[in-house]
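Engineer: There's a structure below that I have some questions on.
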Amino acid sequence: MTSRKRIVDSERWRAVRCIEAGQSITDVALFFGIHHSVISRLWKQFQTPQTVVRRPVGDRLRVTTAAKDRYIAIVAKQNRRATSTRVTSMVAAFIGKAISAATVLRRLHMNGLYARVPRVCAPLSVQSRGARLKWCREHGNWTVSDWGNGMFTDETRFALEPDDKRIRIWRKQRTHNQPQNITEHHAF
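According to my numbering, the residues represented by the sequence shown are 595 to 782, in order.
Quick look at the structure:
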């Protein structure tokens, strides 16, 4: 198998000028030491767009535009508890075009949105907040031995299965304490 030699842009222009000056494609190919089909393609390329500069080989075309990317992020922010599949169906219904869940997930990540478990706190009324604050102020001067007499329980959840069945929300990094990212939940 032969090795391919890439022609630099300056040599491409020189080859085109030689053909314009009246030399044959075969003579120009012999001068540059490359196959005549390369010079022939170069000449055809020059005749259509009037340039010999290599066109960049593009990636796949994007399914979504910048406006659709913003819309995907807006849908996820409005429906923070929606799964990526649900966001995909909502976006596809709006734009009228099929779009994959993986694409939606990539666009959400590009906008800094990730599926995370929301922060959980106990729903507290104004009276219970006041009672807790009062208790803390009353016991603020306790010693280590006083605290040793109390019993504290850990209510950490753990699962024996890989899927913990927790509902996740779409949020940006370091925004876990914002009110829209907190879920109130009674422990019992």
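Idealized CB from N, CA, C, for every residue including glycine.
For residue 762, tell me which candidate among 719, 637 and 673 has the shortest Cα-Cα distance.
Structural biologist: Among 719, 637 and 673, the Cα nearest to that of residue 762 is on 673.
Engineer: Identify the continuous alpha helix (DSSP H) that holds residue 615 and give its terminal residues.
Structural biologist: From DSSP, residue 615 is part of no alpha helix (DSSP H); its letter is neither H nor E.
Engineer: Bridge partners for residue 805 per DSSP, in chain order?
Structural biologist: Because residue 805 is not part of the residues shown, which for the chain are 595 to 782, the question remains open.
Engineer: State the DSSP-derived secondary structure class of residue 784, mapped to helix, strand or coil.
Structural biologist: Nothing in the structure corresponds to residue 784, since the chain is present only between 595 and 782.
Engineer: Where residue 613 and residue 619 are concerned, what is the direct C-alpha to C-alpha distance, given to the nearest angstrom?
Structural biologist: 7 Å
Engineer: If we call anything under 8 Å between Cβ atoms a contact, is residue 666 one with residue 701?
Structural biologist: Their beta carbons are under 8 Å apart, which means residue 666 touches residue 701 by this criterion.
Engineer: Can you name, in chain order, every residue of its own chain whose Cβ lies under 8 Å from the Cβ of residue 693, other than the five neighbours on each side?
Structural biologist: Counting only Cβ-Cβ distances below 8 Å, and skipping sequence neighbours, we find 657, 658, 682, 685 and 686.
Engineer: Excluding five sequence neighbours on each side, which residues of the same chain lie with their C-beta closer than 8 Å to the C-beta of residue 610?
Structural biologist: 636, 637, 640 and 646
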